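Visitor: In the working numbering, the protein residues as written are 2 to 114.
Ideal Cβ placement from N, Cα and C applies to all residues, glycine included.
This one's a predicted model, so the numbers in the text were calculated from it and none came from an experiment.
1) Buried or exposed for residue 36, going by 16 or more other Cβ atoms inside 10 Å?
2) Note down, in chain order, each residue of its chain lying with its Cβ closer than 8 Å to the Cβ of residue 88, except the 5 sequence neighbours on either side.
3) Tell me the rounded alpha-carbon separation between residue 94 and residue 60.
4) Whose CA, out of 74, 99, 97, 90, lies closest to the CA of residue 31?
5) Nearest by alpha-carbon distance to residue 57: which of 28, 110, 9, 46 is it?
6) For residue 113 versus residue 27, is the C-beta spacing smaller than 8 Å?
7) CB-CB under 6 Å to residue 110, same chain, minus the five flanking residues each way: which ones, in chain order?
8) Which of the three DSSP states is assigned to residue 106 in this structure?
9) Along the chain, where does the beta strand (DSSP E) that runs through residue 81 open and close?
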């Protein structure tokens, strides 16, 4: 596999049933979604500020040289996390970089440490 170990959870199938509509609690999220949340939280806590002055993560950089399948899964999971108010997403222009910022809700969640 050409996927670095830190993203290998995206290769695995996740058959966790989808929760109810609305904003589920973190412990009710599917396994893969929780894994992405943990990855983003971990990555944003070790990312040097000099890489991006705001401390945001850039999705395009995280997914450089990854397969389309992995990119699509990661993009979908970040949208789920946005819907749950665990991350903020921003894209300044069409086809531009997508920046991720961990919200206080995700920082406070102990189940994703």
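Guide: With the structure as the only source:
1) Buried, since its Cβ has 16 or more Cβ neighbours within 10 Å.
2) The residues are 38, 41, 79, 82, 101, 102, 103, 104, 107.
3) Rounded to the nearest angstrom, the two C-alpha atoms are 14 Å apart.
4) When only C-alpha atoms are compared, the closest one is 74.
5) Of 28, 110, 9, 46, the smallest CA-CA separation from residue 57 is found for 46.
6) Yes.
7) Within the same chain, and ignoring the five residues on either side of residue 110 in sequence, the residues whose Cβ sits closer than 6 Å to its Cβ are 27.
8) DSSP places residue 106 in helix when its eight states are reduced to three.
9) Run containing residue 81: none in the beta strand (DSSP E); it sits in the alpha helix (DSSP H), 69-84.
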